[in-house]
Amino acid sequence: MTPTTTAATASITSNTCTSGWTGVTVLYHCTSCPTIHPYVYHSYTYVAITTLTRISFSFREDNGCFAIDSVSVRSTAAPTVELISNNDFETGSFSSWTYCNPNGASAAGEVYHSLLCVSYTLTPKSGSYFYYDGAVGNNDYLSQKFTTVIGQSYNVSFWLFNDAGGGTSSADILLSV
-19 MTPTTTAATA
-9 SITSNTCTSG
1 WTGVTVLYHC
11 TSCPTIHPYV
21 YHSYTYVAIT
31 TLTRISFSFR
41 EDNGCFAIDS
51 VSVRSTAAPT
61 VELISNNDFE
71 TGSFSSWTYC
81 NPNGASAAGE
91 VYHSLLCVSY
101 TLTPKSGSYF
111 YYDGAVGNND
121 YLSQKFTTVI
131 GQSYNVSFWL
141 FNDAGGGTSS
151 ADILLSV
């Protein structure tokens, strides 16, 4: 289990997916990302700077694939209320999420029940579906906006998997305005 940490604000490269994003906070970042078997739990604390916040997942894995499941954002003031819709992809689709592939990466993000990736058969951490991303050549993005209260703390968590096959890879999990 990854310990809870408070994230740092950073700048990101602007493209058709990210243009207009401000107040970017990096929760997780890796390049030449390591293999992560099985799923690893990540948890962060975020203090809202606006009334509408966006969570985004950006991946590139030229010879492997990433998977995420059970994305959660909950206010510390109301910890039983989930703010992310379709947070575990159980609709079997991108419902409530926005998917963007600005440079036409192949093997890009999809919602799956099960999938063979390089040396490992990916399955959900929980439930019946998960988000797979093996974007080759460029990053793609999956994001969702949720309502926040300025100055209030939020617990942000997700389960991350990576079947790293070598080659270029990167992962960024971001919060932005």
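Residues -19 to 157 in the working numbering are what the sequence shown spells out, letter by letter.
The C-beta atom is built at its ideal place from N, Cα and C for all residues, glycine as well.
Simplified DSSP state of residue i, which is helix, strand or coil
i: Ala151; result: strand
i: Trp139; result: strand
i: Thr103; result: coil
i: Tyr109; result: coil
i: Glu70; result: coil
i: Val53; result: strand
i: Ile64; result: coil
i: Ser156; result: strand
i: Ser(-1); result: coil
First through last residue of the beta strand (DSSP E) which encompasses residue i
i: Gln124; result: Asp120 to Thr127
i: Glu41; result: Leu32 to Glu41
i: Pro18; result: Ile16 to Val27
i: Leu9; result: The displayed chain sequence assigns His, not Leu, to residue 9. Per DSSP, His9 belongs to the beta strand (DSSP E) from Thr5 to Thr11.
i: Val91; result: Glu90 to Tyr92
i: Thr78; result: Thr78 to Cys80
Burial state of residue i (16 or more Cβ within 10 Å)
i: Pro104; result: buried
i: Ser94; result: exposed
i: Leu7; result: buried
i: Val61; result: exposed
i: Ala57; result: exposed
i: His17; result: exposed
i: Leu63; result: buried
i: Gln132; result: exposed
i: Met(-19); result: With a pLDDT of 42 at Met(-19), under the threshold of 50, the predicted position of this residue should be treated as unreliable, though the coordinate-derived value follows. Answer is exposed; the Cβ neighbour count stays below 16.
Which listed residue (the options) has its alpha carbon closest to that of residue i
i: Asp152; options: Val20, Phe39, Gly0 and Thr(-7); result: Phe39
i: Trp77; options: Val61, Tyr19, Val51 and Thr101; result: Val51
i: Thr101; options: Glu70, Phe141 and Ser(-1); result: Phe141
i: Asn81; options: Tyr112, Asn119 and Asn66; result: Asn119
i: Ala85; options: Gly117, Tyr24, Tyr92 and Tyr19; result: Gly117
i: Phe69; options: Trp139, Thr11, Ile(-8) and Val129; result: Trp139
For residue j and residue i, believed in contact at Cβ under 8 Å, the rounded distance
i: Tyr26; j: Tyr134; result: 5 Å
i: Gly44; j: Cys97; result: 6 Å
i: Thr15; j: Ala115; result: Between Ala115 and Thr15 the Cβ distance is about 17 Å, and since that is not below 8 Å, they are no contact.
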